[in-house]
Amino acid sequence: MNFLLEIAARDFDLTDANKADIDKYAEKLDTAYDRIIRCRVVVEALRHREHRGLLYNVKIVVTIPGTELVIKRKPNEDFHMAVKDSFNAMRRKLEDFVAQRRGKVKHHEEVPLARISNLFTEEGYGFITSSDGREIYFHRNSVLNHDFTRLEKGMEVRFVEEEGDKGPQASSVTVTGG
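Just add 1 to the spot in the sequence shown (first one is 1) and you have this note's numbering.
Now the structure itself:
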């Protein structure tokens, strides 16, 4: 295991056998993804009126470069099953993460060009007309480099489009040199 494993318990004491169980499953995570930085496991014992014993609630947080993956399953009366189910779910989540990363081919799409067609400086927004003739809303906060006050009708801009509440909008607008 090439990562830091942190184990914590709430409202009960972990036995050595419990810790060994967690350690055994944590080691297997390396086979799903070999760049794990840290794995934090928190096991909480819940007392419930309908159950005579305890319910074990397991939360696993795995830190990998750039993000954290979290699993929290339904509580289980059986400690071993609660741990096993949670680690199996985390392994699947790691495998899905790896598959998604491998499937993502970075390709640089050309950022579309447009012209500012309407500008409402006092109100803090405007519209650009894309090269395919669509009118797209933008807000002053989407203009990069705080250039909103320098904008003029007819200026050429590059933009990133997203779907807003009322239709297409530009999430970022950059003035081009042309």
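All residues carry an ideal CB built from backbone N, CA and C; glycine is no exception. All values reported here derive from a predicted model rather than from experimental measurement.
Assigned secondary structure, residue i (DSSP; H/G/I helix, E/B strand, else coil)
i: Gly239; result: What the structure shows of the chain is the stretch from 2 to 179, and residue 239 is not part of that stretch, so it cannot be assessed.
i: Thr32; result: helix
i: Tyr122; result: Sequence check: residue 122 is Thr here, not Tyr. Note: Thr122 maps to coil in three-state DSSP.
i: Ile137; result: strand
i: Ser132; result: coil
i: Leu15; result: coil
i: Ile23; result: helix
Own chain, CB closer than 7 Å to residue i, minus 5 neighbours either side, in chain order
i: His140; result: Gly125 and Tyr126
i: Arg92; result: Lys29, Leu30 and Ala33
i: Asp148; result: Val176
i: Phe80; result: Asn19 and Tyr57
i: Thr130; result: Ala115, Arg116, Ser118 and Glu136
i: Lys94; result: Leu70 and Ile72
Neighbourhood of residue i by C-beta, 8 Å cutoff - its chain only, sequence neighbours within 5 removed
i: Ala9; result: Arg41, Val42, Val43 and Val44
i: Glu96; result: Ala33 and Tyr34
i: His109; result: Reliability fails at His109, whose pLDDT of 48 lies under 50, so the model's placement of it is uncertain and the value that follows must be treated cautiously. Cβ within range, chain order: n/a, list empty.
i: Glu78; result: His52, Gly54, Leu55, Leu56 and Tyr57
i: Ile38; result: Phe4, Leu5, Thr64, Ile65 and Pro66
Proximal residues to residue i (C-beta, below 6 Å), its chain only, five neighbours per side dropped
i: Leu6; result: Ala27 and Cys40
i: Val174; result: Phe139, Ser143, Val144, Val158 and Phe160
Status (buried if at least 16 other CB within 10 Å, exposed otherwise) for residue i
i: Phe1; result: Residue numbering for the chain in the displayed model covers 2 to 179; residue 1 lies beyond these limits and cannot be assessed.
i: Ser132; result: exposed
i: Gln170; result: buried
i: Phe160; result: buried
i: Leu47; result: exposed
i: Phe4; result: buried
i: Ala83; result: buried
i: Arg74; result: buried
Residue i at chain D interface by Cβ criterion, 7 Å
i: Tyr57; result: Chain labels in this structure do not include chain D; a single protein chain is all it has.
Practice problem: Starting from the N-terminal side, write out each stretch of the beta strand (DSSP E) that is 3 residues or longer and does not extend beyond the segment 39–101. | Solution: 39–48, 55–65 and 68–73
Practice problem: Identify every run of the beta strand (DSSP E) within the segment 150–178, keeping only runs that are complete inside it and at least 3 residues long; order them along the chain. | Solution: 157–165 and 168–176
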